[in-house]
Amino acid sequence: MKPIIELGPKILTAFRKRNQSRLRKLNDEVLKAAALESDRLSFKLAVFSYVLAKIVSKPRFLKKEYSGRLKTIEDRFAGIVRRARGAKEKEMVQLFSKLEKAVIALEKEDPRFLLDLVSKGRLKMAATFYAQGMSLGTAAEMTNLDKQEILDYAGKTMMFDRVEEKISISERMKTARKMIGE
(Lines of atoms letter the chains of each structure in order from A and count residues from 1; the text may use other names and numbers.)
(Lines give C-alpha, C1' and ligand atoms only; values in the text may rest on other atoms or scores of the structure.)
Protein backbone atom coordinates (compact mmCIF):
# COMPACT_ATOMS: atom_id res chain seq x y z
CA MET A 1 0.00 0.00 0.00
CA LYS A 2 3.07 2.18 0.05
CA PRO A 3 2.33 3.78 -3.37
CA ILE A 4 -1.20 4.71 -2.25
CA ILE A 5 0.11 6.30 0.94
CA GLU A 6 2.92 8.18 -0.81
CA LEU A 7 1.41 9.05 -4.18
CA GLY A 8 -2.34 8.97 -3.50
CA PRO A 9 -2.49 12.46 -1.92
CA LYS A 10 -0.51 13.94 -4.82
CA ILE A 11 -2.84 12.30 -7.35
CA LEU A 12 -5.87 13.62 -5.48
CA THR A 13 -4.46 17.17 -5.45
CA ALA A 14 -3.67 17.03 -9.18
CA PHE A 15 -7.17 15.71 -9.94
CA ARG A 16 -8.78 18.46 -7.86
CA LYS A 17 -6.76 21.02 -9.83
CA ARG A 18 -7.62 19.23 -13.11
CA ASN A 19 -3.88 19.15 -13.85
CA GLN A 20 -3.55 16.57 -16.60
CA SER A 21 0.23 16.83 -17.07
CA ARG A 22 0.84 16.36 -13.34
CA LEU A 23 -1.51 13.35 -13.32
CA ARG A 24 0.42 11.79 -16.21
CA LYS A 25 3.75 12.29 -14.43
CA LEU A 26 2.30 10.80 -11.26
CA ASN A 27 1.01 7.85 -13.28
CA ASP A 28 4.59 7.22 -14.43
CA GLU A 29 5.70 7.22 -10.78
CA VAL A 30 2.88 4.87 -9.82
CA LEU A 31 3.82 2.50 -12.66
CA LYS A 32 7.38 2.26 -11.36
CA ALA A 33 6.24 1.73 -7.78
CA ALA A 34 3.58 -0.80 -8.76
CA ALA A 35 6.07 -2.81 -10.81
CA LEU A 36 8.33 -3.05 -7.77
CA GLU A 37 5.60 -3.63 -5.19
CA SER A 38 3.74 -6.20 -7.30
CA ASP A 39 0.60 -6.07 -5.21
CA ARG A 40 -2.95 -5.79 -6.48
CA LEU A 41 -3.67 -2.44 -4.78
CA SER A 42 -0.65 -0.78 -6.38
CA PHE A 43 -1.86 -2.03 -9.75
CA LYS A 44 -5.32 -0.60 -9.06
CA LEU A 45 -3.73 2.73 -8.20
CA ALA A 46 -1.83 2.64 -11.51
CA VAL A 47 -5.06 2.01 -13.41
CA PHE A 48 -6.98 4.77 -11.67
CA SER A 49 -4.18 7.33 -11.82
CA TYR A 50 -4.29 6.76 -15.59
CA VAL A 51 -8.11 6.95 -15.63
CA LEU A 52 -8.15 10.22 -13.67
CA ALA A 53 -5.66 11.73 -16.14
CA LYS A 54 -7.88 10.60 -19.04
CA ILE A 55 -10.97 12.13 -17.43
CA VAL A 56 -9.22 15.47 -17.01
CA SER A 57 -8.05 15.32 -20.64
CA LYS A 58 -11.63 15.11 -21.95
CA PRO A 59 -13.10 18.63 -22.30
CA ARG A 60 -16.66 17.29 -22.23
CA PHE A 61 -16.16 15.94 -18.70
CA LEU A 62 -15.03 19.34 -17.47
CA LYS A 63 -18.37 20.94 -18.35
CA LYS A 64 -20.66 22.06 -15.55
CA GLU A 65 -23.15 19.24 -16.19
CA TYR A 66 -20.53 16.70 -15.08
CA SER A 67 -19.39 18.55 -11.95
CA GLY A 68 -21.50 16.40 -9.61
CA ARG A 69 -20.10 13.18 -11.02
CA LEU A 70 -16.55 14.53 -10.91
CA LYS A 71 -17.10 15.45 -7.26
CA THR A 72 -18.27 11.89 -6.56
CA ILE A 73 -15.11 10.51 -8.22
CA GLU A 74 -13.00 12.94 -6.22
CA ASP A 75 -14.75 11.91 -2.99
CA ARG A 76 -14.29 8.20 -3.73
CA PHE A 77 -10.59 8.68 -4.42
CA ALA A 78 -10.24 10.84 -1.30
CA GLY A 79 -11.73 7.94 0.67
CA ILE A 80 -9.08 5.61 -0.72
CA VAL A 81 -6.31 8.05 0.24
CA ARG A 82 -7.80 8.59 3.70
CA ARG A 83 -8.11 4.87 4.49
CA ALA A 84 -4.79 3.76 2.96
CA ARG A 85 -2.88 3.64 6.25
CA GLY A 86 -5.42 1.78 8.38
CA ALA A 87 -7.53 -0.33 6.05
CA LYS A 88 -7.13 -3.98 5.22
CA GLU A 89 -6.78 -5.03 1.59
CA LYS A 90 -10.40 -6.19 1.36
CA GLU A 91 -11.71 -2.76 2.37
CA MET A 92 -9.37 -1.05 -0.10
CA VAL A 93 -10.58 -3.31 -2.92
CA GLN A 94 -14.16 -2.30 -2.05
CA LEU A 95 -13.20 1.38 -2.09
CA PHE A 96 -11.60 0.98 -5.52
CA SER A 97 -14.77 -0.79 -6.68
CA LYS A 98 -16.85 2.23 -5.60
CA LEU A 99 -14.45 4.49 -7.49
CA GLU A 100 -14.87 2.33 -10.58
CA LYS A 101 -18.67 2.61 -10.34
CA ALA A 102 -18.38 6.40 -10.08
CA VAL A 103 -16.22 6.52 -13.23
CA ILE A 104 -18.68 4.27 -15.09
CA ALA A 105 -21.53 6.58 -14.02
CA LEU A 106 -19.60 9.54 -15.48
CA GLU A 107 -19.32 7.84 -18.86
CA LYS A 108 -22.80 6.33 -18.91
CA GLU A 109 -24.60 9.41 -20.27
CA ASP A 110 -22.21 9.94 -23.15
CA PRO A 111 -20.48 6.69 -24.11
CA ARG A 112 -18.16 7.29 -27.05
CA PHE A 113 -15.81 4.34 -27.07
CA LEU A 114 -16.05 0.56 -27.25
CA LEU A 115 -14.03 0.24 -24.06
CA ASP A 116 -14.91 2.25 -20.98
CA LEU A 117 -12.13 4.25 -19.33
CA VAL A 118 -11.50 1.75 -16.55
CA SER A 119 -11.26 -1.22 -18.94
CA LYS A 120 -8.94 0.75 -21.20
CA GLY A 121 -6.88 1.77 -18.18
CA ARG A 122 -6.53 -1.84 -17.05
CA LEU A 123 -5.52 -2.96 -20.52
CA LYS A 124 -3.03 -0.15 -21.03
CA MET A 125 -1.44 -0.61 -17.60
CA ALA A 126 -1.17 -4.39 -18.07
CA ALA A 127 0.47 -3.92 -21.46
CA THR A 128 2.80 -1.29 -20.04
CA PHE A 129 3.85 -3.57 -17.18
CA TYR A 130 4.47 -6.32 -19.72
CA ALA A 131 6.45 -3.96 -21.95
CA GLN A 132 8.59 -2.96 -18.97
CA GLY A 133 9.60 -6.56 -18.43
CA MET A 134 7.01 -7.94 -16.04
CA SER A 135 5.87 -11.43 -16.91
CA LEU A 136 2.71 -11.64 -18.98
CA GLY A 137 1.15 -13.92 -16.37
CA THR A 138 1.76 -11.46 -13.54
CA ALA A 139 0.46 -8.52 -15.58
CA ALA A 140 -2.67 -10.52 -16.43
CA GLU A 141 -3.19 -11.69 -12.86
CA MET A 142 -2.78 -8.26 -11.30
CA THR A 143 -5.20 -6.60 -13.70
CA ASN A 144 -7.68 -9.50 -14.06
CA LEU A 145 -7.21 -9.57 -17.81
CA ASP A 146 -6.69 -12.37 -20.29
CA LYS A 147 -3.10 -12.81 -21.48
CA GLN A 148 -4.14 -12.81 -25.12
CA GLU A 149 -6.01 -9.54 -24.65
CA ILE A 150 -2.85 -7.94 -23.28
CA LEU A 151 -0.72 -9.34 -26.12
CA ASP A 152 -3.21 -8.13 -28.72
CA TYR A 153 -3.22 -4.62 -27.28
CA ALA A 154 0.56 -4.47 -26.87
CA GLY A 155 1.02 -5.71 -30.43
CA LYS A 156 -1.18 -2.94 -31.82
CA THR A 157 0.79 -0.19 -30.09
CA MET A 158 4.35 1.07 -30.22
CA MET A 159 4.57 0.61 -26.48
CA PHE A 160 7.71 -1.54 -26.55
CA ASP A 161 9.50 1.11 -28.59
CA ARG A 162 8.63 3.85 -26.10
CA VAL A 163 9.43 2.11 -22.83
CA GLU A 164 12.53 3.78 -21.45
CA GLU A 165 13.00 1.78 -18.28
CA LYS A 166 12.83 -1.95 -18.15
CA ILE A 167 12.72 -4.02 -14.99
CA SER A 168 16.15 -5.48 -14.32
CA ILE A 169 16.73 -9.18 -13.76
CA SER A 170 17.52 -8.53 -10.09
CA GLU A 171 14.24 -6.64 -9.63
CA ARG A 172 12.36 -9.46 -11.35
CA MET A 173 13.99 -11.95 -8.99
CA LYS A 174 13.04 -9.84 -5.95
CA THR A 175 9.46 -9.71 -7.19
CA ALA A 176 9.38 -13.45 -7.85
CA ARG A 177 10.78 -14.21 -4.40
CA LYS A 178 8.28 -11.86 -2.80
CA MET A 179 5.39 -13.53 -4.63
CA ILE A 180 6.40 -17.05 -3.57
CA GLY A 181 7.07 -15.96 -0.01
CA GLU A 182 10.85 -16.28 0.29
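Our numbering puts the first residue of the sequence shown at 7, with every later residue one more than the last. Glycine included, every Cβ here is placed at the ideal spot set by N, Cα and C. Only a predicted model underlies this, so the values are computations on that prediction, with no experimental measurement involved.
Rounded to a whole number of angstroms, what is the C-alpha to C-alpha distance between residue i and residue j?
i	j	result
G85	L101	7 angstroms
I79	S141	32 angstroms
A137	P15	27 angstroms
E95	L47	8 angstroms
M165	D158	Because the pLDDT at M165 is just 49, under 50, the model does not fix this residue reliably, and the value given afterwards should be weighed accordingly. Answer to the nearest angstrom: the Cα atoms are 12 angstroms apart.
E97	L13	19 angstroms
K130	N33	12 angstroms
G187	L121	36 angstroms
Q26	A52	15 angstroms
S73	T144	37 angstroms
P65	E71	12 angstroms
S176	E35	20 angstroms
R75	E155	30 angstroms
Under the assumption that residue i contacts residue j (Cβ atoms under 8 angstroms), give the Cβ distance between them as a whole number of angstroms.
i	j	result
K153	A146	5 angstroms
V87	I110	No, V87 and I110 are not in contact; Cβ-Cβ is about 20 angstroms, not under 8 angstroms.
A3	I10	Since the displayed the chain opens at 7 and closes at 188, residue 3 lies outside it and no answer follows.
F49	T149	6 angstroms
L191	F54	Given a span of 7 to 188 for the chain in the structure shown, any question on residue 191 remains unanswerable.
V62	R118	With a Cβ gap of about 16 angstroms, V62 and R118 do not count as contacting.
A108	R128	Not a contact, Cβ separation roughly 16 angstroms.
R178	G139	7 angstroms
Check residue i in the structure and name its three-state DSSP category.
i	result
A93	coil
K50	helix
P117	coil
S27	helix
D122	coil
G139	coil
G14	helix
Residue j and residue i - do their beta-carbons sit closer together than 9 angstroms?
i	j	result
K8	A39	yes
Report yes or no: is there a C-beta of chain B within less than 9 angstroms of the C-beta of residue i?
i	result
F102	This model lacks chain B altogether; it includes just one protein chain.
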